[in-house]
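In what follows, a single structure is set out as structure tokens and then discussed.
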Amino acid sequence: MEVRSMIDECLEEMEHKGGGADGAAATIRCLKRHKENIYWDSDLGRLKVAAEVWQAGWEDIMRDLTEKLGISDRESYIRVKNRYNLTMY
833 MEVRSMIDEC
843 LEEMEHKGGG
853 ADGAAATIRC
863 LKRHKENIYW
873 DSDLGRLKVA
883 AEVWQAGWED
893 IMRDLTEKLG
903 ISDRESYIRV
913 KNRYNLTMY
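Residues 833 to 921 in the numbering used here are what the sequence shown lists, from first letter to last.
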């Protein structure tokens, strides 16, 4: 699958869920189904996808997902991760 179409597919999941926190969680689960590694980056103060290292275009997406999920630090990341079962894949 082409990277752009994978990202678009996952962002569509957010739209189907209404675009808020539930949609952001669905987007993260979709990215994880596609084997993307997502984690909290304390230095950036947001979620990060490992692909950011070699592929442009992720920063705004990950910043938006972090904001929609209400994540501001590691503790809130853990709460959100458990609430939305973001480690299921």
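We put the beta carbon where it would ideally sit given N, CA and C, even for glycine. These numbers come from a predicted model, not from an experiment.
- Taken in chain order, the unbroken stretches of beta strand (DSSP E) that lie wholly in the region 870-898 and span 3 residues or more are 870-873 and 878-881.
- Counting only residues of its own chain and dropping the five nearest sequence neighbours on each side, Gly855 has a CB closer than 8 Å to the CB of Glu845, Met846, Glu847, His848, Lys849 and Lys900.
- Taking C-alpha positions only, Ala883 is separated from Asp896 by approximately 16 Å.
- Lys849 carries a coil assignment under DSSP once its states are collapsed to helix, strand and coil.
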